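Protein chains in written order, with the numbering used here: chain D, 1 to 339; chain U, 340 to 678.
For each residue, glycine too, the CB sits at the ideal point set by N, CA and C.
Remember, predicted model here, so these are calculated numbers, not experimental data.
Comments concern the structure below.
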DNA sequence: CGGCGGTGATAATTCGTATTAGCACCTTGA
DNA sequence: TCAAGGTGCTAATACGAATTATCACCGCCG
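Now the structure itself:
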């Protein structure tokens, strides 16, 4: 079936079929342009040799000549498989893989990027980004310089998650947080809540900032009172205490893992949820956590975002910027405000 | 910082530095052979241009010339991210990714292989296997023809999971099932169990076959009675009934999902586990299942297998065949036989 | 003065495929 | 008989980096 030694090249096929390498290439690519004519019997002869030898074109050489690959790069700032945030990224990858498969593309995971153990950078000394036709960027934060450079080098890419301009507009597929947060605030307000709090950083990257913005705007719109309760470096008990002191009745928690923590703390302090305090979760957990309650909040369309990113890359023109709607999750941690 | 138009080549760098392309290549690869001499100031000049332009070598061209990539292919017969078996494959990928990162390799997932919607094959019409330096094969079953061809074309690869010869020995990193199953049988026998059953296919691929073999041998060794209870197309109730009828006291269940099913059936029928029937699970669930009990059995060293496969590929000589030991899991579904 | 060894670079070729330009042959029509 | 036009194929080159084989130059020694 197959030869033992060196791998077959088109040259070998050409020799075996008694034609030129050019002809083999033309037959292989099934070129039927009127410019290119191959006699049916010649074509058949070449095809027969190809079949008999099981020849397949070297994708590397092909790529060099053709300038495309059907390979999509996937760059993740956090490691994809290991680490705590694996669960968070998994659905994105699911969408990416699904769509890539449909499009007939392979996926190149740039795992080597962080070999140095430091922060991952796209452009390290022998960057392989250019091996891919296009790239998907995944990660909570993305390096601005990397973005600028991708733009400058005109490497087609799409960020998953909205990104601020980096010298120029950045193509992205994001989750549309502000309306989702607004919808939650509206519902809380409709249930009589007047003292609301945003619990979490609310800054540091586009996605928390967007949620915070949605929160602020909505609070103003409904004429409620909105405060900001940071969590970094604090215990859930501490956060809960602050919420109680401020007589907050609805907490909009950026990170579900924190929501769960606060609920545990509440259970310990005899604070009833949602009786005394409603909890609204703004997204999916990025830290591993056992979520045994049915949090009210919204679903980030992660899988759809992955799919869409790939679609845009393969379709590929311009600077697409899309925000996909989040779906509200009813849950059981929102109740009418106790007055 | 970076040029706007076409991507930079070594030729461009050469022009900018006033040297030849060869010199750029030599500097870039930091060649210090006594054969190759570059004046320090020339080297510095070239390096400066490279720094200023942010040039990185095209990995495709590099691969064509150099014949290596530092790219590892990962071929999965089942889709990796989506599908039910995702949880099962995840740990392997984790190990693979970890080790690839350490080795400074990128991972190419051959997702396009199954584009046709049919069974995945490695060698489809324009196979990209050869884009990678080497491949990891993952999947319950692996196509024999594919294996034979990989061997024939001398493409370096390692299968995760033991594989029978395919015309020639197949390199693999597998789980050492027979001793693990034997150890479980020994423990059961030590607790007085005499009528044991292997519940599952016990055939169809190497891994169930290995477990079955381990079971048979162990049963003979301890002088017990061993039967085989298939599960395909049967309800857990049905299987449980057969076990009861045969007065089996210890069931060795190939697939944890089935073990869970049988335990639910047992709860419904008033059969106590492990009081009336001990359940031993032979591995990790390949079907999604909520495992709320602590099954006695063993742990397949999936992550380690992934790591080791990559190590062997990168080290890369010969036909490695390794079986990694499974770790016994104490659990709570094995109890002394009731006589 | 002329050859020799050491130094610093480069021209040419290679990898395997795709594409462009063009060549050789055949028929046809005038 | 020869240009025109069509047919079937191929030589040459591009793609971008790595490697091999040289080459030009300088100083020194005989």
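Check your understanding: If you compare alpha carbons, which of D:54, D:77 and D:158 is closest to residue 340 of chain D?
Key -> Outside the displayed span of chain D (1 to 339) sits residue 340 of chain D, for which this structure offers no information.
Practice item. Indicate whether at least one CB of chain U lies closer than 8 angstroms to the CB of residue 23 of chain D. Key: It does not: the Cβ of residue 23 of chain D has no partner Cβ on chain U nearer than 8 angstroms.
Check your understanding: Are residue 634 of chain U and residue 675 of chain U close, meaning C-beta to C-beta below 8 angstroms?
Key -> Taking 8 angstroms as the Cβ cut-off, residue 634 of chain U and residue 675 of chain U do not qualify as a contacting pair.
Review point. Can you find at least 3 beta carbon pairs, one from the stretch 317 to 326 of chain D and one from the stretch 355 to 367 of chain U, that sit closer than 8 angstroms?
Key: Contact fails: fewer than three Cβ-Cβ distances are below 8 angstroms.
Practice item. To the nearest angstrom, report how far apart residue 397 of chain U and residue 52 of chain D are at their CA atoms. Key: Distance between the alpha carbons of residue 397 of chain U and residue 52 of chain D is about 34 angstroms.
Point to revise | When U:603, U:479, U:557 and U:469 are compared against residue 533 of chain U, the one with the closest alpha-carbon | key: Of U:603, U:479, U:557 and U:469, the residue nearest in Cα terms is U:557.
Review point. Does the beta-carbon of residue 285 of chain D have 16 or more other beta-carbons within 10 angstroms, so that it is buried, or is it exposed?
Key: It counts as buried.
Review point. Could one say the Cβ of residue 157 of chain D lies closer than 8 angstroms to chain U's Cβ atoms, at least one of them?
Key: False, the Cβ-Cβ gap to chain U never drops below 8 angstroms.
Review point. Can you list the residues of chain D that residue 393 of chain U reaches, using a CB-CB cut of under 9 angstroms?
Key: The contact set of residue 393 of chain U on chain D, defined by CB atoms closer than 9 angstroms, consists of 123, 149, 152 and 153 in chain order.
Practice item. Flag residue 31 of chain D as yes if its beta-carbon sits less than 8 angstroms from any beta-carbon of chain U, otherwise no. Key: Not one beta carbon of chain U lies nearer than 8 angstroms to the beta carbon of residue 31 of chain D.
Check your understanding: Going by other Cβ atoms of all chains shown within 10 Å of its Cβ, with 16 needed for buried, is residue 504 of chain U buried or exposed?
Key -> The residue is exposed, with fewer than 16 neighbouring Cβ atoms inside 10 Å.
Review point. Any beta-carbon of chain U closer than 8 angstroms to the one on residue 27 of chain D?
Key: Not closer than 8 angstroms to any Cβ of chain U, the Cβ of residue 27 of chain D fails to qualify, so no.
Point to revise | Whole-angstrom distance between residue 555 of chain U and residue 520 of chain U, CA atom to CA atom | key: Annotation: residue 520 of chain U to residue 555 of chain U spans about 9 angstroms, alpha carbon to alpha carbon.
Exercise for review: With residue 279 of chain D as the anchor, note down where its beta strand (DSSP E) starts and where it stops.
Suggested key: Start and end: 278 to 281.
Practice item. Taking only beta-carbon positions, decide if residue 287 of chain D is within less than 8 angstroms of chain U. Key: Closer than 8 angstroms: no.
**Study point:** Buried or exposed by the 16-neighbour rule on C-beta atoms within 10 Å, applied to residue 210 of chain D
**Key:** So residue 210 of chain D ends up on the buried side.
Check your understanding: DSSP on residue 76 of chain D, reduced to helix/strand/coil?
Key -> If DSSP states are grouped into helix, strand and coil, residue 76 of chain D belongs with the strands.
Point to revise | Runs of alpha helix (DSSP H) wholly within the stretch 139 to 181 of chain D (minimum 4 residues, chain order) | key: Fully enclosed alpha helix (DSSP H) runs of 4 or longer: 144 to 152.
Practice item. Report the rounded CA-to-CA distance for residue 73 of chain D versus residue 560 of chain U, giving the unit in angstroms. Key: Take the alpha-carbon of residue 73 of chain D and the one of residue 560 of chain U: they are about 53 angstroms apart.
Check your understanding: What residues from the stretch 441 to 452 of chain U come within 9 angstroms of chain D, judged by C-beta to C-beta, listed N to C?
Key -> When CB distances to chain D are screened at a threshold of 9 angstroms, the residues of the stretch 441 to 452 of chain U falling below it are 441, 442, 443, 444, 445, 446, 447, 448, 449, 450, 451 and 452, in chain order.
Review point. Which value, in whole angstroms, describes the spacing of the CA atoms of residue 152 of chain D and residue 145 of chain D?
Key: Going from the Cα of residue 152 of chain D to the Cα of residue 145 of chain D covers about 10 angstroms.
Review point. Looking only at its own chain, which residues have a Cβ that is under 7 angstroms from the Cβ of residue 375 of chain U, when we skip the five neighbours before and after it?
Key: Closer than 7 angstroms at Cβ, skipping near neighbours: 365.
Practice item. Throw me the rounded Cβ distance for the residue 526 of chain U and residue 616 of chain U pair, which I believe falls under 8 angstroms. Key: In fact, because the Cβ distance is near 15 angstroms, the residues do not count as touching under 8 angstroms.
Check your understanding: For residue 163 of chain D, which residues from the same chain have a beta carbon less than 7 angstroms from its beta carbon, with the 5 sequence-adjacent residues on both sides left out?
Key -> Hits under 7 angstroms: 142, 147, 170, 172 and 206.
Check your understanding: Closest by CA to residue 410 of chain U, which one among U:444, U:373 and U:432?
Key -> Nearest of U:444, U:373 and U:432 to residue 410 of chain U, Cα basis: U:444.
Exercise for review: Could you please give me the residues that DSSP links to residue 566 of chain U through a beta bridge?
Suggested key: Per DSSP, U:536.
Review point. Given residue 552 of chain U, which residues of its chain have a CB within under 7 angstroms of its CB, disregarding the five upstream and five downstream residues?
Key: Cβ neighbours of residue 552 of chain U beyond the five flanking positions: 517.
Exercise for review: Quickly, what does DSSP pair residue 399 of chain U with across the bridge? List them, please.
Suggested key: Per the DSSP secondary-structure output, residue 399 of chain U pairs with nothing in a beta bridge.
Practice item. Answer yes or no: does any C-beta atom of chain U fall closer than 8 angstroms to that of residue 179 of chain D? Key: Not an interface residue.
Review point. For residue 431 of chain U, which option in U:362, U:592, U:477 and U:669 has the closest C-alpha, if you only look at C-alpha atoms?
Key: The candidate whose alpha carbon is nearest that of residue 431 of chain U is U:477.
Review point. Apart from the five residues just before and just after residue 646 of chain U, which ones in its own chain have a Cβ nearer than 7 angstroms to its Cβ?
Key: Cβ neighbours of residue 646 of chain U beyond the five flanking positions: 434, 437 and 438.
Check your understanding: Per DSSP, what kind of secondary structure is residue 265 of chain D in: helix, strand or coil?
Key -> Shown here, residue 265 of chain D sits in a helix according to DSSP, grouped into three states.
Review point. Candidates D:254, D:46, D:22 and D:246: which alpha carbon is nearest residue 208 of chain D's?
Key: Among D:254, D:46, D:22 and D:246, the Cα nearest to that of residue 208 of chain D is on D:254.
**Study point:** residue 584 of chain U Cβ short of 7 angstroms to the ligand SAM heavy atom set
**Key:** No copy of the ligand SAM appears in this structure; indeed no ligand is present at all.
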